[in-house]
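S.K.: Before we start, here is the structure in question, set down as structure tokens.
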Amino acid sequence: MTQAQTPVEKSQLSPSSSHSGHPKAWKWYDYFTFNIDHKVIGIQYMVMAFIFYLVGGAMAEAMRTELYTPDPDFLDPNLYNAFMTNHGTIMIFYWIVPVAIGGFGNFLVPLMIGTRDLAFPRLNAAAFWLNPPAGLLLIASFFFGGGAQAGWTSYPPLSEITAPIGQTFWILSIVLVGTSSILGSLNFVITIWKMKLPSMKWDQLPLFCWAIMATSILALCSTPVLAIGLLLLLFDINFGTSFFKPDAGGNIVIYQHLFWFYSHPAVYLMILPIFGIMSEVIPVHARKPIFGYKAIAYSSLAICFVGLFVWVHHMFTSGTPPWMRMFFTISTLIVAVPTGVKIFSWMATLWGGKIRYTSAMLFAIGLLAMFVMGGLSGVMLGNAPFDVHVHDTYFVVAHFHYVLFGGSVFGIYAGVYHWFPKITGRMMNETLGRIHFLLTFIGTNLTFLPMHQLGLQGMPRRVAMYDPQFTTINQICTYGAIVLGLSVIPFYINAIWSWIAGPKAEGNPWKGLSLEWTTDSPPLIENWEVLPVVTHGPYDYGMNGRSGSEKPATATEPTVSVN
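In my numbering, the protein residues as written are 394 to 956.
Structural data, given as structure tokens:
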């Protein structure tokens, strides 16, 4: 039997202490060190991810500027290919996944289950510190090899013959990020399974924790497969092997199977934590118990399981036999069912609620609209006959941006506005938040809605030059991208200024009932002086007279045992 760290043990690592001898707060420079506090690591993930968000967004703005006209008059075609490849890579591996899992997951999971840290704090810190060198490798690929230029999928043989040095840097970068993901996922599963408060029943576990656990299991199953595929590709490029060289007995399609076995579940790695955020934000700001708690919790596990059996719908045009097309069409349609369960549960929670239209709630409601749009086009693409006609067109670009930007990024913003008081101890400006939402909502639809028409008309994606007949729609998309780019300005101003000089927040400004709201804002280094005891569910708003302002009961023991 092992035990979580006691306050005395952990206070020895802290530079400042309260009068009781317990650590009270970290200094600013501690956030730049190998710190094992889960909250510090969560903030490190978030800050790193938001920096890369600007880098990936700048690449997107450059690409949309190039696509304003049919001719390559802004970016060199090779640079366009490099931007296109690394924009997708950064937004997935260095923005959405780190902030959703590494950022919110690290900061919130121990607080939500009533423990002082993750099961393996040093492993957690090591997992984060794999990310900065991985990001530097990705950026370095532009200076030493012209950047990877084969798209974020990096299909051979194109990836084996185009910018081999840049492609090598790209592969090493993704392998490092994948290793970080595996280590972090293992930590989350063990922490949630073994370290939640003894007084917390499984049907009292916050839905965000259910989502993180499902996400972590999915990552543990799928990420090693991607690593294997990329390492084999690395050997083909640099050491003369022929795993994916058909002229030497290799098989290109095998790479696609290895890549998509991870990279379609990667969609759920990005969206499942966001679903968890939605399940926390909506009931608090609607002042209603969550509708269908068990259905939402189990649907996360269902998505985790079924999501491992849908990857071939990305390969309907790769010589896939008819029987396989039929199987994966059916599995793709099935995976939409647990997702629909969540959507209807959130809608039912909103129905009749006392909704407060805070910035967090606006982004949560906006996500519902965006994700439903992306889900409808996803069902269309999951059907082989339709997919064959629009494969590798801008219809696909429109679909996954509605799912990932309209879904994941809207959810990230909702989470930031909701938990910013808990993370920083200060409130964000609601006026700037509403301006941010309005610009983001308009920019998203103006950028990506017309792309459906581009795809139906046959414009291929991943190209810098296109037929002049597509000019007008592309110009509309570029205007939308400009609005979307401008939308981040009020957000960054709001976040930075509020963190420095915003009005101080109460410990529980939203009157939430989950455990993270029972400690100070920002939390003590040890999270609580004495661990709380769970006496009610995290979504019992209006039940037995609860409003979220009650003080929790506390335990007499300051540690949690781990069997």
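Note that the Cβ used here is the ideal one computed from N, Cα and C, for glycine as well. Treat the numbers as computed from the prediction; the structure is a model and nothing was measured.
(1) V582 and S609 look like a contact to me (Cβ under 8 Å); what is the Cβ gap, rounded to whole Å?
(2) Using DSSP with H/G/I as helix, E/B as strand and the rest coil, what is R854?
(3) Might you give, ordered along the chain, the residues of its own chain that have their beta carbon closer than 8 Å to the beta carbon of S433, omitting 5 neighbours on each side?
(4) Between S914 and M821, how many whole angstroms is the CB-CB distance? I'm expecting something under 8 Å.
(5) If you draw a straight line from the alpha carbon of H792 to that of G848, how long is it in whole angstroms?
(6) Identify, in the order they occur along the chain, each residue of the same chain with its Cβ nearer than 6 Å to the Cβ of A527, setting aside the five sequence neighbours on each side.
(7) Count Cβ pairs between the region 531 to 548 and the region 501 to 519 that sit closer than 8 Å; are there 3 or more?
(8) Could you check where the alpha helix (DSSP H) with S534 kicks off and where it finishes?
(9) Counting C-beta neighbours from all protein chains within 10 Å, is the total for V809 16 or more, i.e. buried, or is it exposed?
(10) Near P491, what residues of its chain come up, given a Cβ to Cβ distance below 6 Å and the 5 sequence neighbours on each side ignored?
(11) H650 to L701, Cα distance in whole Å?
(12) Measuring CA to CA, which of I532, R509, R827 and T561 is closest to I588?
(13) Just to confirm, are F445 and W488 a CB contact at a threshold of 7 Å?
(14) To the nearest angstrom, report how far apart D629 and D640 are at their CA atoms.
(15) Would you mind giving the Cβ-Cβ distance between F684 and T732, rounded to the nearest angstrom? I have them listed as a contact below 8 Å.
(16) For P525, which option in D596, N920, F427 and S552 has the closest C-alpha, if you only look at C-alpha atoms?
(17) Are L624 and Y655 closer than 7 Å when you measure CB to CB?
(18) Note the first and the last residue of the continuous alpha helix (DSSP H) segment covering Q437.
(19) Cα separation between P599 and I805?
(20) How would you call W381, buried or exposed, if buried means at least 16 neighbouring beta carbons within 10 angstroms?
(21) So, for I835: in the same chain, excluding its five sequence neighbours on each side, which residues have a beta-carbon less than 7 Å away from its beta-carbon?
(22) What number of angstroms, rounded off, separates the C-alpha of A894 from the C-alpha of R819?
(23) To the nearest angstrom, report how far apart G414 and T840 are at their CA atoms.
(24) With DSSP as the reference, please indicate the residues paired to T786 in a beta bridge.
(25) Can you tell me the Cα-Cα spacing of Y661 and M936, whole angstroms?
(26) Out of F668, R718 and K681, state which residue places its alpha-carbon closest to the alpha-carbon of L694.
(27) Could you check the C-alpha separation between L825 and Y787 for me, to the nearest Å?
(28) Buried or exposed for V923, please, with buried defined as at least 16 other CB atoms from any protein chain shown within 10 angstroms of its CB.
(29) Could you pull the start and end residues of the alpha helix (DSSP H) that W892 belongs to?
(30) Can you find the residues in the same chain that come closer than 8 Å, C-beta to C-beta, to F863, ignoring five residues on each side of it along the sequence?
(31) Indicate the three-state DSSP secondary structure (helix, strand or coil) for L917 in the structure shown.
(32) Among T928, W921, E909 and P925, whose alpha-carbon lies nearest the alpha-carbon of G498?
(33) What is the DSSP secondary structure of R749, reduced to helix, strand or coil?
(34) Do A612 and S574 come within 7 Å of each other at the CB atom, strictly closer than that value?
(35) Quick one: what's got a C-beta closer than 7 Å to G622's C-beta in the same chain, skipping five residues either side?
(36) Using DSSP bridges, identify the partner residues of R718.
M.R.: Judging by the given coordinates:
(1) 5 Å
(2) coil
(3) For the sequence presented, residue 433 should be read as Val rather than Ser. Cβ neighbours of V433 beyond the five flanking positions: W419, D423 and Y424.
(4) In fact, because the Cβ distance is near 13 Å, the residues do not count as touching under 8 Å.
(5) 10 Å
(6) S566, L569 and V570
(7) no
(8) N524 to G538
(9) buried
(10) Y438 and A442
(11) 12 Å
(12) Per the sequence shown, the amino acid found at residue 588 is Met instead of Ile. Checking every option, the nearest Cα to that of M588 belongs to R509.
(13) yes
(14) 13 Å
(15) F684 to T732, Cβ: 16 Å. No contact.
(16) F427
(17) no
(18) H431 to E459
(19) 18 Å
(20) The structure shown has nothing for residue 381, since the chain only spans 394 to 956.
(21) V876
(22) 8 Å
(23) Note that G414 scores a pLDDT of 44, beneath 50, so its modelled location is shaky and nothing firm can be said.
(24) P853
(25) 33 Å
(26) F668
(27) 33 Å
(28) exposed
(29) T864 to A894
(30) P463, L847, Q850 and M852
(31) strand
(32) E909
(33) coil
(34) yes
(35) Y648, L651 and F652
(36) BP columns for R718 are empty, so no partner.
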